[in-house]
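K.L.:
Attaching a single structure in structure tokens format; questions to follow.
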Amino acid sequence: MIFRSKCTQTRLTSFSLLTAGHAAFLAFAAILAFTNISPLRAETIEDSEENVILMGEAGHFQMTELFKSHPRIIVEEQRARDAGLEILRGKYVTLVTDLPLNRSVREIVSAVDAAYPILCQFFGIHENPDWMLNVFLMKEKEPFLKANYIPDILPPFQNGFSFNYDCWVFEQPSEYYRRHLVLHEMVHSFSSTLLGDAGPDWFAEGMAEMLATHSWIDGKLTLGIMPENKNDVPFCGRIREIRNAIRRGEIRSFEQLANPKPEDYGTNAIYYWSWAWVWFLHNDPDAKNALHAIIPALKERKTHQYLTEDFLKNLEENRTEIEKRWLIFIARLEYGFDPDAEFPDTSPGKPLEQEKNAKTIKKFAANRGWQNSGIQLKKGQIVRV
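Okay, structure coming up:
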């Protein structure tokens, strides 16, 4: 039996029962998703449906040998100036842009420089002082075509694309989302050049989205955050997209998440579902090791199908409990989500005393979500709460 606390001070104001059977829990979570999540916040223009930026028009194509063998673009000062482009050089990035060099544009260089050692630590890679990323930040495409900074093999894209040490990003409607997209593409380039491969699509996009979700305060970069509110991540909209998907009845299993549908690449679905799943796996105590075991395996040149199947196999021992927490996560997902407060202990409880009028007293924390009562019930057993 698991209770969910929803208290403003110390008074328990709502609770629900979970049955022991996993199938019953799946059904319960589906009901929970529609009936028990907090109402959506009033939308602003930054968070409205028509203003959420679609990243998936081109998708991130698997790195073919053509991409892998393509030489790095050489950024020459004179060629850039002749095309009307500006160049900013940092420790780990060369930024080429047709945008005015205001504070927020200059800070992209600082953000990439700050991100590189963080990514090295996260992925377990020794820092290479010679690693250098080219970022082509574009308001208009024509100057970059004139300077030959857009190779013929580059597929059509609307927001961002990367391969090897080069990435292309179109201007975005907010400073945050511009940085977010640059960091997203940086993770792809980092993975393909230093890890051996970016991995299966769900892993590649999930990692890029999770790490690109960031805070940038007074020149300090933090990657992989759970946003406290939507104003921290304008035009990102991942949390709202998940909540809208849940309201439509789209509750995805691990198999569905590991095998994105073809239509997911024409919408944001590949991005918001992969972000949510990878963030959850990274923050779940029983799933984190299996997720991170993919990283060293990338250098072994295993197929993406093998990596996914091996990952799911590594979850088997605790998969039932992990999936329960996943369903709670997507049902309860909101800005500022705290896994320590929301993920319950799902271990089996003890049978309730059978004597008539037997009582069990359990204290619940008012500042936590679902909590284990420590009680195990049998089918048909009647209790009063």
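Under this note's numbering, the first residue of the sequence shown carries the number 1, and numbering increases by one thereafter. Note that CB positions come from ideal geometry on N, CA and C, so glycine has one too.
#1: For the putative contact between residue 325 and residue 264, defined by C-beta atoms under 8 Å, what is the C-beta separation to the nearest angstrom?
#2: DSSP three-state call for residue 415: helix, strand or coil?
#3: Quick one: Cα of residue 233 to Cα of residue 142, how far?
#4: Suppose the cutoff is 7 Å on Cβ atoms and the five residues either side in sequence are ignored; what does the same chain contact list for residue 91 look like?
#5: Taking only the alpha-carbon atoms, compute the straight-line gap between residue 212 and residue 314 and give it to the nearest angstrom.
#6: Cutting at 6 Å between CB atoms, please list the residues of its own chain near residue 109, excluding the five before and the five after it.
#7: Measure the C-alpha to C-alpha separation of residue 72 and residue 256 and round it to an integer number of angstroms.
#8: If you draw a straight line from the alpha carbon of residue 292 to that of residue 189, how long is it in whole angstroms?
#9: Should residue 378 be labelled buried (16 or more other beta-carbon atoms within 10 Å of its own) or exposed?
#10: Compute the distance between the beta-carbons of residue 159 and residue 181, then report whether it is under 8 Å.
#11: Starting from residue 86, follow the alpha helix (DSSP H) in both directions and report where the run begins and ends.
#12: How many whole angstroms separate the CB atoms of residue 179 and residue 216, which I take to be in contact at a CB cut-off of 8 Å?
#13: Is residue 113 helix, strand or coil by DSSP?
#14: Since residue 168 is in the beta strand (DSSP E), which residue starts that stretch and which ends it?
#15: How is residue 376 classed by DSSP in three states: helix, strand or coil?
#16: Taking Cβ to Cβ, would you say residue 226 is nearer than 8 Å to residue 278?
#17: Whole-angstrom Cβ separation of residue 260 and residue 270, contact assumed at under 8 Å?
#18: Check whether the Cβ atoms of residue 150 and residue 144 lie closer than 8 Å to each other.
#19: Since residue 138 sits in a beta bridge, which residues does DSSP pair it with?
#20: Measure the Cβ-Cβ separation of residue 187 and residue 119 and say whether it is below 8 Å.
#21: Could you compute how far the alpha carbon of residue 307 sits from the alpha carbon of residue 245?
#22: CB of residue 85 to nearest heavy atom of the ligand ADP: below 7 Å?
#23: For residue 132, collect the residues of the same chain with a Cβ closer than 8 Å to its Cβ; drop the 5 residues on either side in sequence, then sort them by chain order.
#24: In chain order, what residues of the same chain have a beta carbon less than 6 Å from the beta carbon of residue 254, not counting five sequence neighbours either side?
#25: Residue 339 by DSSP, collapsed to three states: which one?
#26: Cα separation between residue 148 and residue 139?
#27: Would you mind listing the alpha helix (DSSP H) stretches within the stretch 239-287 that are 4+ residues and don't spill past its ends, in chain order?
#28: Can you tell me whether residue 222 is buried or exposed, with buried defined as 16 or more other CB within 10 angstroms of its CB?
#29: Within the same chain, show all residues whose beta-carbon is closer than 8 Å to that of residue 167, passing over the 5 residues directly before and after it, in chain order.
P.N.:
Working from what's here:
#1: To locate residue 325, count along the sequence shown from 1; it is residue 325. To locate residue 264, count along the sequence shown from 1; it is residue 264. The beta-carbon separation of residue 325 and residue 264, rounded to 23 Å, does not stay under the 8 Å limit for a contact.
#2: Outside the modelled stretch of the chain, which goes from 1 to 385, sits residue 415, for which no answer is possible.
#3: For the purposes of this step, residue 233 is taken as the residue at position 233 of the sequence shown. For the purposes of this step, residue 142 is taken as the residue at position 142 of the sequence shown. Straight-line Cα distance between these residues: approximately 29 Å.
#4: In the sequence shown, residue 91 corresponds to position 91, counting from 1. Around residue 91: 113.
#5: Locating residue 212 in the sequence shown gives position 212, counting from the first residue. Locating residue 314 in the sequence shown gives position 314, counting from the first residue. Computed Cα separation, rounded: 26 Å.
#6: As a working mapping, residue 109 is identified with position 109 in the sequence shown. Around residue 109: 88, 90, 93 and 95.
#7: Here residue 72 refers to the residue found at position 72 when the sequence shown is read from its first residue. Here residue 256 refers to the residue found at position 256 when the sequence shown is read from its first residue. Cα-Cα distance, rounded: 36 Å.
#8: Walking along the sequence shown from the start, residue 292 turns up at place 292. Walking along the sequence shown from the start, residue 189 turns up at place 189. So the two alpha carbons sit approximately 18 Å from each other.
#9: Position 378 of the sequence shown holds residue 378. With fewer than 16 other Cβ atoms within 10 Å, it is exposed.
#10: The residue you call residue 159 lines up with position 159 of the sequence shown. The residue you call residue 181 lines up with position 181 of the sequence shown. Taking 8 Å as the Cβ cut-off, residue 159 and residue 181 qualify as a contacting pair.
#11: By 1-based counting over the sequence shown, the position of residue 86 is 86. Premise fails: residue 86 lies in the beta strand (DSSP E), 86-89, not in any alpha helix (DSSP H).
#12: Counting from one through the sequence shown, the residue named residue 179 turns up at place 179. Counting from one through the sequence shown, the residue named residue 216 turns up at place 216. So it is a contact: roughly 6 Å between Cβ atoms.
#13: Residue numbering aside, residue 113 sits at position 113 when the sequence shown is read from its first letter. It is helical.
#14: Within the sequence shown, numbered from 1, the residue matching residue 168 stands at position 168. Run containing residue 168: 166-170, per the beta strand (DSSP E) assignment.
#15: Within the sequence shown, residue 376 is the residue found at index 376, counting from 1. Strand at residue 376.
#16: Working through the sequence shown from its first residue, we reach residue 226 at position 226. Working through the sequence shown from its first residue, we reach residue 278 at position 278. Residue 226 is not a Cβ neighbour of residue 278, given a cutoff of 8 Å.
#17: Within the sequence shown, numbered from 1, the residue matching residue 260 stands at position 260. Within the sequence shown, numbered from 1, the residue matching residue 270 stands at position 270. About 5 Å; that satisfies the 8 Å criterion.
#18: Residue 150 sits at position 150 when you count from the first residue of the sequence shown. Residue 144 sits at position 144 when you count from the first residue of the sequence shown. In contact: residue 150 and residue 144 (Cβ atoms closer than 8 Å).
#19: Numbered from 1 along the sequence shown, position 138 holds the residue referred to as residue 138. Its beta-bridge partners are 170.
#20: As a position in the sequence shown, residue 187 is number 187, starting the count at 1. As a position in the sequence shown, residue 119 is number 119, starting the count at 1. Yes, Cβ-Cβ distance for residue 187 and residue 119 is below 8 Å.
#21: For the purposes of this step, residue 307 is taken as the residue at position 307 of the sequence shown. For the purposes of this step, residue 245 is taken as the residue at position 245 of the sequence shown. In a straight line, the C-alpha of residue 307 is about 27 Å away from that of residue 245.
#22: The ligand content of the structure shown is nil, which means the ligand ADP is not present either.
#23: Position 132 of the sequence shown, counted from the first residue, corresponds to residue 132. Closer than 8 Å at the Cβ level, and outside the excluded window around residue 132, lie 92, 93, 94 and 165.
#24: Looking up residue 254 in the sequence shown gives position 254. Nothing listed; no residue qualifies.
#25: Against the sequence shown, residue 339 aligns to sequence position 339. Helix, per DSSP.
#26: In the sequence shown, counting from the first residue as 1, residue 148 sits at position 148. In the sequence shown, counting from the first residue as 1, residue 139 sits at position 139. C-alpha separation (whole angstroms): 16 Å.
#27: 254-258 and 269-283
#28: The count along the sequence shown starts at 1 and reaches residue 222 at position 222. Under a 10 Å Cβ-count criterion, residue 222 is classified as exposed, with fewer than 16 other Cβ atoms of the shown protein chains found around its own Cβ.
#29: Sequence index remark: in the sequence shown, residue 167 carries index 167 (1-based). Spatial neighbours of residue 167 in its own chain (CB-CB distance under 8 Å, excluding positions within 5 residues in sequence) are listed in chain order as 133, 134, 135, 136, 160, 161, 182, 185, 186, 188 and 189.
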